[in-house]
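**Q** Residue numbers for the sequence shown, in this note's numbering: 499 to 914. Built from N, CA and C at the ideal position, the CB exists for glycine as well.
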Amino acid sequence: LSKAGLALGGWQLTLQPQAEWRQMFDDAWRMHRDYLFDPKLRGLDWQQIHDKYAAFLPQVRDKYELNDLLAIMMSELGTLHSQIAPGEVRKFESNRTPAFLGAALERVANGYKIAHIYRHDNELPNEASPLAQGGQDFHDGDIIIHVNNRPVAEVADIAQLLENQVGQQVLLHYLRGQQHKSAIVQPVNADRNVALRYTDWEWSRQQQVEQASQGKIGYLHLRAMTTPDLNVFVREFYAQINREGLIIDVRRNSGGNIDSWIIEKLLRRTWGFWQSRDGTQETHPQQSFRGHLVVLADELTYSDGETFAAATKALGLGPVIGKRTAGAGVWLSDDNALLDKGRARAAENAQFLIADGRWIIEGVGVAPDIEVANLPHASFEGKDAQLEAAIQWLQEKRKQAPIPALKAQPLPVKNP
Numbered sequence: 499l500s501k502a503g504l505a506l507g508g509w510q511l512t513l514q515p516q517a518e519w520r521q522m523f524d525d526a527w528r529m530h531r532d533y534l535f536d537p538k539l540r541g542l543d544w545q546q547i548h549d550k551y552a553a554f555l556p557q558v559r560d561k562y563e564l565n566d567l568l569a570i571m572m573s574e575l576g577t578l579h580s581q582i583a584p585g586e587v588r589k590f591e592s593n594r595t596p597a598f599l600g601a602a603l604e605r606v607a608n609g610y611k612i613a614h615i616y617r618h619d620n621e622l623p624n625e626a627s628p629l630a631q632g633g634q635d636f637h638d639g640d641i642i643i644h645v646n647n648r649p650v651a652e653v654a655d656i657a658q659l660l661e662n663q664v665g666q667q668v669l670l671h672y673l674r675g676q677q678h679k680s681a682i683v684q685p686v687n688a689d690r691n692v693a694l695r696y697t698d699w700e701w702s703r704q705q706q707v708e709q710a711s712q713g714k715i716g717y718l719h720l721r722a723m724t725t726p727d728l729n730v731f732v733r734e735f736y737a738q739i740n741r742e743g744l745i746i747d748v749r750r751n752s753g754g755n756i757d758s759w760i761i762e763k764l765l766r767r768t769w770g771f772w773q774s775r776d777g778t779q780e781t782h783p784q785q786s787f788r789g790h791l792v793v794l795a796d797e798l799t800y801s802d803g804e805t806f807a808a809a810t811k812a813l814g815l816g817p818v819i820g821k822r823t824a825g826a827g828v829w830l831s832d833d834n835a836l837l838d839k840g841r842a843r844a845a846e847n848a849q850f851l852i853a854d855g856r857w858i859i860e861g862v863g864v865a866p867d868i869e870v871a872n873l874p875h876a877s878f879e880g881k882d883a884q885l886e887a888a889i890q891w892l893q894e895k896r897k898q899a900p901i902p903a904l905k906a907q908p909l910p911v912k913n914p
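1) For Lys881, does the count of other Cβ atoms within 10 angstroms reach 16, so buried, or fall short, so exposed?
2) Have a look at Leu669 and Ala737 and give me their C-alpha separation to the nearest angstrom.
3) Identify whether Val818 lies in helix, strand or coil by the three-state DSSP scheme.
4) Looking only at DSSP bridge pairs, what is His678 linked to?
5) Is Gly609 closer than 8 Å to Leu629 when the C-beta atoms are compared?
6) CB-CB under 8 Å to Leu659, same chain, minus the five flanking residues each way: which ones, in chain order?
7) From Ser752 to Ala845, what distance separates their C-alpha atoms?
8) Between Gly803 and Glu860, which are expected to be in contact by the criterion C-beta below 8 Å, what is the C-beta distance as a whole number of angstroms?
9) What would DSSP say about Pro874, mapped onto helix, strand or coil?
10) What first and last residue would you give for the beta strand (DSSP E) that runs through Trp769?
11) Give the DSSP-derived three-state secondary structure of Ser639 in the structure shown.
12) For a test of the three-state rule: what should DSSP assign to Glu762, helix, strand or coil?
13) Using 8 Å as the threshold, is the C-beta distance between Thr823 and Gly816 below it?
14) Comparing alpha-carbon positions, which option in Gln557, Val911, Ile868 lies nearest Gln890?
15) By DSSP, does Asn565 sit in helix, in strand, or in coil?
16) How close, in whole Å, do the beta carbons of Ala871 and Ala883 come, if the pair is a contact with beta carbons under 8 Å?
17) So, helix, strand or coil for Pro515, using DSSP?
18) How far does the alpha helix (DSSP H) with Leu555 in it reach, from first residue to last?
19) Just tell me which of Pro537, Met522, Asn593 has its CA closest to the CA of Tyr560.
20) Within 10 angstroms of its Cβ, does Asn691 collect 16 or more other Cβ (buried), or is it exposed?
21) Straight-line CA distance for Leu798 to Ala807?
22) Keeping to the same chain, check which residues put their C-beta closer than 8 Å to that of Trp643; ignore five residues upstream and five downstream.
23) To the nearest angstrom, how far is it from the Cα of Gln704 to the Cα of Glu762?
24) Looking at the strands, I want to know which residues DSSP matches up with Ala601.
25) Does the contact criterion of 3 or more C-beta pairs under 8 Å hold for the segment 711–724 versus the segment 737–746?
26) On the DSSP bridge list, what partners appear for Thr781?
27) So, using beta-carbon positions, are Phe554 and Ala688 closer together than 8 Å?
28) Classify His548 as helix, strand or coil using the three-state DSSP reduction.
29) Can you give the beta carbon distance from Gln444 to Ile682, rounded, assuming they're within the 8 Å contact cut?
30) Considering just the uninterrupted stretch of the beta strand (DSSP E) at Glu846, what are its terminal residues?
31) May I ask which residues mark the beginning and end of the beta strand (DSSP E) holding Asp747?
32) For the putative contact between Thr457 and His614, defined by C-beta atoms under 8 Å, what is the C-beta separation to the nearest angstrom?
33) Does the distance from the CB of Pro866 to the CB of Gly820 come in under 8 Å?
34) Please tell me whether Leu836 and Asp524 are closer than 8 Å, where the distance is taken between their beta carbons.
35) Return the CA-CA distance between Leu765 and Glu574, expressed in angstroms with no decimal places.
36) When burial is assigned at 16 or more other CB atoms within 10 Å of the CB, is Tyr562 buried or exposed?
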């Protein structure tokens with residue numbers, strides 16, 4: 499239109515939200531009728547379901563309420579892998595944006611003590627907390643006493659002094675014993691702070707495995723099953739491919755669609771190796787893992803995270819330890835967009851265990867081979883019983899079935 503010289507600045511459109519919402523309601527209903535994996539719609543009278551919930555449309559006042567109505571209607575199908583994407587919803591503007599320092603803080607008499615700076619892999623500097631950036635000298639136990647020259651002790655919460663400071667240069671004065679120090683930091687927003695805390699959780703698990711096994715067992719955590727998570731797998735898996743054991747942690751995994759790529763790598767079996775003159779060895783197929791495997795899963799393992807756990811069980815790659823997963827097993831399509839580019843995703847593809855045709859995952863989840871619960875109070879105190887069980891299983895497996903060293907016979911003598 500711009501190439502044609504058509505001016506759009508003066509256009510005025512009359513919106514009819516109630517008509518749009520009815521259209522989106524009908525579209526969502528039709529897409530489930532036409533695309534759900536079960537053509538019998540779980541035995542429901544789908545027209546009756548439409549009429550039952552359409553009666554509430556006159557009471558809908560914004561898209562949030564419409565999404566709630568769609569979700570309730572879709573829940574009649576009893577499909578655990580079913581989702582609503584919001585589309586055009588009201589955005590609540592605020593003139594107050596909280597900012598965070600990437601650390602757990604505790605109130606003390608003269609300020610805020612840095613109880614714990616969120617840790618990260620030093621090879622990934624972009625994952626560093628504001629207090630752990632290059633050049634910073636903050637330690638756990640330091641006490642922040644001023645923010646931009648305002649005394650912390652004079653406000654109800656340090657959050658008041660950090661308000662609207664995301665990405666800004668903030669001057670902190672702090673104490674280390676009797677020593678007075680200062681530094682400029684750049685606070686982060688709430689989402690970034692949550693991500694830093696998650697990274698700290700991952701790092702602590704990796705370090706626990708490293709120390710408990712003296713470097714014999716590897717650990718990697720997958721938050722989801724998307725492209726960035728595949729990058730994480732590649733970086734962490736190949737760095738630990740020569741370990742005698744490996745823990746792949748898909749607890750809290752929110753799903754995606756990369757399980758096939760990961761399973762394919764785990765299925766590679768060493769049948770030979772090359773050995774160079776200096777003794778350096780390379781397995782064949784290249785980059786094949788020879789050690790023992792454990793998968794950790796829990797109640798929050800979802801969608802493709804569950805498919806990965808189910809595959810490791812079905813293929814005998816290793817035991818699943820933890821708790822039964824969420825049970826979201828039928829697969830979704832993103833083709834069914836609504837008028838405002840929101841979605842009411844219909845589950846189009848049922849999933850079966852091909853070997854014997856049994857229904858798996860959807861509605862039942864993946865049961866662990868070894869059930870271990872992480873109890874709330876113990877988890878709050880930092881204990882991870884599931885991870886400890888995985889380490890123990892691999893330690894015992896290493897003793898029962900040690901991984902044999904690749905040993906070449908003496909070179910044949912050509913001219914005795």
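**A** Quick answer:
1) As a position in the sequence shown, residue 881 is number 383, starting the count at 1. When all chains shown are included, Lys881 counts as exposed.
2) In the sequence shown, counting from the first residue as 1, residue 669 sits at position 171. In the sequence shown, counting from the first residue as 1, residue 737 sits at position 239. Taking the CA atoms as reference points, Leu669 sits about 39 Å from Ala737.
3) Numbered from 1 along the sequence shown, position 320 holds the residue referred to as residue 818. It is a strand residue.
4) Reading the sequence shown from its first residue, position 180 is the one you call residue 678. In the DSSP output, where bridge partners are listed per residue, His678 has Leu673.
5) Taking the sequence shown and counting its residues from 1, the one referred to as residue 629 is at position 131. Taking the sequence shown and counting its residues from 1, the one referred to as residue 609 is at position 111. Result no, Cβ atoms of Leu629 and Gly609 do not sit closer than 8 Å.
6) Looking up residue 659 in the sequence shown gives position 161. Hits under 8 Å: Val645, Asn646, Arg648, Val650, Val653.
7) Translated into the one-based positions of the sequence shown, residue 752 becomes position 254. Translated into the one-based positions of the sequence shown, residue 845 becomes position 347. The C-alpha of Ser752 lies about 16 Å from the C-alpha of Ala845.
8) For this step, residue 803 is matched to residue 305 along the sequence shown. For this step, residue 860 is matched to residue 362 along the sequence shown. Wrong, their Cβ atoms sit about 14 Å apart, outside the cutoff.
9) As a working mapping, residue 874 is identified with position 376 in the sequence shown. DSSP, read as helix, strand or coil, puts Pro874 in helix.
10) Sequence index remark: in the sequence shown, residue 769 carries index 271 (1-based). Taken as a continuous stretch (DSSP letters only), Trp769 belongs to no beta strand (DSSP E), as it is neither H nor E.
11) Sequence index remark: in the sequence shown, residue 639 carries index 141 (1-based). The residue you asked about is not Ser; residue 639 is Gly in the sequence shown. DSSP places Gly639 in coil when its eight states are reduced to three.
12) By 1-based counting over the sequence shown, the position of residue 762 is 264. In this structure, Glu762 counts as helix in the three-state DSSP scheme.
13) Here residue 823 corresponds to residue number 325 of the sequence shown, with the count starting at 1. Here residue 816 corresponds to residue number 318 of the sequence shown, with the count starting at 1. Taking 8 Å as the Cβ cut-off, Thr823 and Gly816 do not qualify as a contacting pair.
14) Here residue 890 refers to the residue found at position 392 of the sequence shown. Of Gln557, Val911, Ile868, the residue nearest in Cα terms is Ile868.
15) Mapped onto the sequence shown, residue 565 falls at position 67. If DSSP states are grouped into helix, strand and coil, Asn565 belongs with the helices.
16) As a working note, residue 871 is residue 373 in the sequence shown. As a working note, residue 883 is residue 385 in the sequence shown. About 7 Å separates the CB atoms of Ala871 and Ala883; that is less than 8 Å, so the two are in contact.
17) Along the sequence shown, one-based indexing puts residue 515 at 17. Looking at Pro515 - three-state DSSP - the assignment turns out to be helix.
18) For the purposes of this step, residue 555 is taken as the residue at position 57 of the sequence shown. It is not in any alpha helix (DSSP H) - Leu555 carries neither H nor E in the DSSP assignment.
19) In the sequence shown, counting from the first residue as 1, residue 560 sits at position 62. Position check: residue 560 holds Asp in this sequence, whereas Tyr was assumed. Minimum Cα distance to Asp560 is reached at Met522.
20) To locate residue 691, count along the sequence shown from 1; it is residue 193. When all chains shown are included, Asn691 counts as buried.
21) Locating residue 798 in the sequence shown gives position 300, counting from the first residue. Locating residue 807 in the sequence shown gives position 309, counting from the first residue. So the two alpha carbons sit approximately 13 Å from each other.
22) Start at 1 with the first residue of the sequence shown, and residue 643 comes out as number 145. Note on residue identity: the sequence assigns Ile, not Trp, to residue 643. Here the set comprises Asn608, Gly609, Pro649, Val650, Ala651, His671, Tyr672, Leu673.
23) If you number the sequence shown from 1, residue 704 lands on position 206. If you number the sequence shown from 1, residue 762 lands on position 264. Rounded to the nearest whole angstrom, the C-alpha separation of Gln704 and Glu762 is 24 Å.
24) Counting from 1 along the sequence shown, the entry for residue 601 is found at position 103. Residue pairing from DSSP places Ala601 in a beta bridge opposite Ile615.
25) Yes, the segment 711–724 is in contact with the segment 737–746.
26) For the purposes of this step, residue 781 is taken as the residue at position 283 of the sequence shown. Paired residue(s): Phe771.
27) In the sequence shown, the residue the question calls residue 554 occupies position 56. In the sequence shown, the residue the question calls residue 688 occupies position 190. Against a cut-off of 8 Å, the Cβ pair of Ala688 and Phe554 comes out as no contact.
28) Here residue 548 corresponds to residue number 50 of the sequence shown, with the count starting at 1. Correct three-state label for His548: helix.
29) Nothing about residue 444 can be read from this structure; the chain reaches only from 499 to 914.
30) Residue mapping note: residue 846 aligns to position 348 of the sequence shown, counting from 1. For Glu846, the enclosing beta strand (DSSP E) starts and ends at 845–847.
31) Indexing the sequence shown from 1 puts residue 747 at position 249. In the DSSP assignment, Asp747 falls within the beta strand (DSSP E) that extends over 743–747.
32) The shown model of the chain, from 499 to 914, leaves out residue 457, and the question about it has no answer.
33) The residue you call residue 866 lines up with position 368 of the sequence shown. The residue you call residue 820 lines up with position 322 of the sequence shown. At the C-beta level, Pro866 and Gly820 come within 8 Å of one another.
34) Numbered from 1 along the sequence shown, position 338 holds the residue referred to as residue 836. Numbered from 1 along the sequence shown, position 26 holds the residue referred to as residue 524. Against a cut-off of 8 Å, the Cβ pair of Asp524 and Leu836 comes out as no contact.
35) In the sequence shown, residue 765 corresponds to position 267, counting from 1. In the sequence shown, residue 574 corresponds to position 76, counting from 1. Between Leu765 and Glu574, the alpha-carbon positions lie close to 39 Å from each other.
36) Position 64 of the sequence shown holds residue 562. Under this definition Tyr562 is an exposed residue.
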